[in-house]
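Engineer: Sequential numbering of the sequence shown, starting at 60, is according to the working numbering. Cβ atoms here follow ideal geometry from the backbone N, Cα and C, with glycine treated the same way.
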Amino acid sequence: MDIDRLRRGLNTRLLGRTIVFFAQTNSTNVVAKEMAERGAPDGTVVIADYQSAGHGRRGRAWLADPGDSLLMSAIVRPGIPPAEVFYLTMVPALAVLATITTLGVRGASLKWPNDVQINARKVAGILTELSLRGRDLDYVVIGIGLNVNLDVARHPEIAALATSLSGELGRPLDREDVARLLLQTLEDRYLALERGEAAAILSDWRDSLSTLGQWVDVDDGGSSYHAFAEDVTADGGLVLRRDGRRLVVYGGDVTLAKPR
Ligand code: BTN
Numbered sequence: 060m061d062i063d064r065l066r067r068g069l070n071t072r073l074l075g076r077t078i079v080f081f082a083q084t085n086s087t088n089v090v091a092k093e094m095a096e097r098g099a100p101d102g103t104v105v106i107a108d109y110q111s112a113g114h115g116r117r118g119r120a121w122l123a124d125p126g127d128s129l130l131m132s133a134i135v136r137p138g139i140p141p142a143e144v145f146y147l148t149m150v151p152a153l154a155v156l157a158t159i160t161t162l163g164v165r166g167a168s169l170k171w172p173n174d175v176q177i178n179a180r181k182v183a184g185i186l187t188e189l190s191l192r193g194r195d196l197d198y199v200v201i202g203i204g205l206n207v208n209l210d211v212a213r214h215p216e217i218a219a220l221a222t223s224l225s226g227e228l229g230r231p232l233d234r235e236d237v238a239r240l241l242l243q244t245l246e247d248r249y250l251a252l253e254r255g256e257a258a259a260i261l262s263d264w265r266d267s268l269s270t271l272g273q274w275v276d277v278d279d280g281g282s283s284y285h286a287f288a289e290d291v292t293a294d295g296g297l298v299l300r301r302d303g304r305r306l307v308v309y310g311g312d313v314t315l316a317k318p319r
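Right, dumping it as structure tokens:
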């Protein structure tokens, strides 16, 4: 990634004012957390061309070939209560969705809680991690992995489940342009949250979820079950109807059920 080229034309006032780039690192989230602990400024962005230990929710590996994907973690120090940190998973998911739609992708949506999909194949994942100082948020690291030019066919383990922007649009994309657009979109949403526009973010997120109104299979780590996804709660939980009973889940894997 050519960081000077990315910086040129970047009009953000917070995100990416400081950018730290690695040709290779373990995980941009790990590096960002270490930098945040050492006092890195609000809005610092860590970008890598390759991660040897990229990971996602539930300890899963995040696959990316060198130089093909956008692998980035932003450090923010938001003035919101820790109980509202779930908005910082909605905000990047909505920002990725808006970015790829602007780039011409059709059929993109969110899979609860924050996978970005194109026609039911995952194109981006988000890993938000937080640190507290006493009862307050100290910092939040927003990690985003976006398959820009990844050739999913090279990875049989994800080929049926994942896609990339180049695969969808039929041409390679300039990662610097994608990163610049994403940082700008992410900052707009993040500043809206800081201005108190949480209700609008929640409603955009709800409207973007392809999971709602569908039968789903839920894997909560210990057990698997079939349920109907009815709605989301104001704190980001998924409202399910299972055997006539209402329940709310906050974690686990939720996939659209195969027709029975
Ligand atoms: C998920 O889908 O479970 C989240 C995937 C998040 C991957 C990104 S890539 C950049 C950053 N560094 C990591 O190790 N993870 C996030």
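Mind checking Gly-193: buried by the 16 CB within 10 Å criterion, or exposed?
Structural biologist: Exposed, because fewer than 16 other Cβ atoms sit within 10 Å of the Cβ of Gly-193.
Engineer: Is Ser-132 a contact residue of ligand 1, with contact defined as CB to any heavy atom under 7 Å?
Structural biologist: True, at least one ligand heavy atom lies under 7 Å from that Cβ.
Engineer: Can you give me the start and stop residues for the alpha helix (DSSP H) that Glu-246 sits inside?
Structural biologist: Note, Glu-246: alpha helix (DSSP H), 234 to 253.
Engineer: Do you know offhand how far Phe-287's Cα is from Arg-304's?
Structural biologist: The straight-line gap from Cα to Cα measures roughly 10 Å.
Engineer: Can you say whether Tyr-146 is buried or exposed, counting buried as having 16 or more other CB atoms within 10 angstroms of its CB?
Structural biologist: By the 10 Å Cβ count, Tyr-146 comes out buried.
Engineer: How many whole angstroms separate the CB atoms of Asp-139 and Leu-196, which I take to be in contact at a CB cut-off of 8 Å?
Structural biologist: In the sequence as presented, Asp is not what sits at residue 139; that position holds Ile. Contact holds; Cβ gap of about 7 Å.
Engineer: Which term fits Pro-231, buried or exposed, when burial requires 16 or more other beta carbons within 10 angstroms of its beta carbon?
Structural biologist: It is exposed - the Cβ of Pro-231 has fewer than 16 other Cβ atoms within 10 Å.
Engineer: Let me confirm a value: Tyr-309 is counted as buried when at least 16 other C-beta atoms fall within 10 Å, else exposed. Which label applies?
Structural biologist: Per the 10 Å Cβ criterion, exposed.
Engineer: Just the Cα atoms here: how many angstroms apart are Arg-117 and Val-89?
Structural biologist: When rounded, the distance between both Cα atoms is 15 Å.
Engineer: DSSP puts Ile-134 in a beta bridge; with which residues?
Structural biologist: Per DSSP, Val-200.
Engineer: Would Gln-176 be called buried (16 or more neighbouring beta carbons within 10 Å of its own) or exposed?
Structural biologist: Gln-176 is buried by the Cβ-count criterion.
Engineer: For Tyr-284, list the residues DSSP reports as bridge partners.
Structural biologist: Note: Tyr-284 sits in a beta bridge opposite Val-277.
Engineer: Leaving out five residues before and five after Asn-206 in sequence, what residues of the same chain have Cβ atoms less than 6 Å from its Cβ?
Structural biologist: Ser-128, Val-182, Ser-223.
Engineer: In or out: Pro-125 buried (at least 16 other Cβ within 10 Å) or exposed?
Structural biologist: By the 10 Å Cβ count, Pro-125 comes out exposed.
Engineer: Report yes or no: is there a C-beta of chain C within less than 8 Å of the C-beta of Arg-305?
Structural biologist: Protein chains in the displayed structure number just one, and chain C is not present.
Engineer: Relative to the alpha-carbon of Leu-245, which residue among Gly-115, Ala-133, Phe-80, Ile-106 has its alpha-carbon at the smallest distance?
Structural biologist: Closest option to Leu-245, Cα to Cα, is Ala-133.
Engineer: At a threshold of 7 Å, does Ile-78 count as lining ligand 1 (C-beta to nearest heavy atom)?
Structural biologist: Every heavy atom of ligand 1 is 7 Å or more from the Cβ of Ile-78, so no.
Engineer: Would DSSP call Ala-154 helix, strand or coil?
Structural biologist: Of the three classes helix, strand and coil, the one that applies to Ala-154 here is helix, per DSSP.
Engineer: Round the Cβ separation of Gly-102 and Gly-68 to the nearest angstrom and send it over; I've been treating them as touching at under 8 Å.
Structural biologist: Not a contact, Cβ separation roughly 17 Å.
Engineer: How many Å lie between Leu-261 and Leu-299 at the Cα?
Structural biologist: One C-alpha to the other measures close to 18 Å.
Engineer: Any contact between the segment 160 to 170 and the segment 263 to 272? By contact I mean 3 or more CB pairs, one from each, below 8 Å.
Structural biologist: The segment 160 to 170 vs the segment 263 to 272: in contact.
Engineer: By a C-beta neighbour count over all protein chains shown, 10 Å radius and 16 as the cutoff for buried, is Gly-281 buried or exposed?
Structural biologist: Gly-281 should be labelled exposed.
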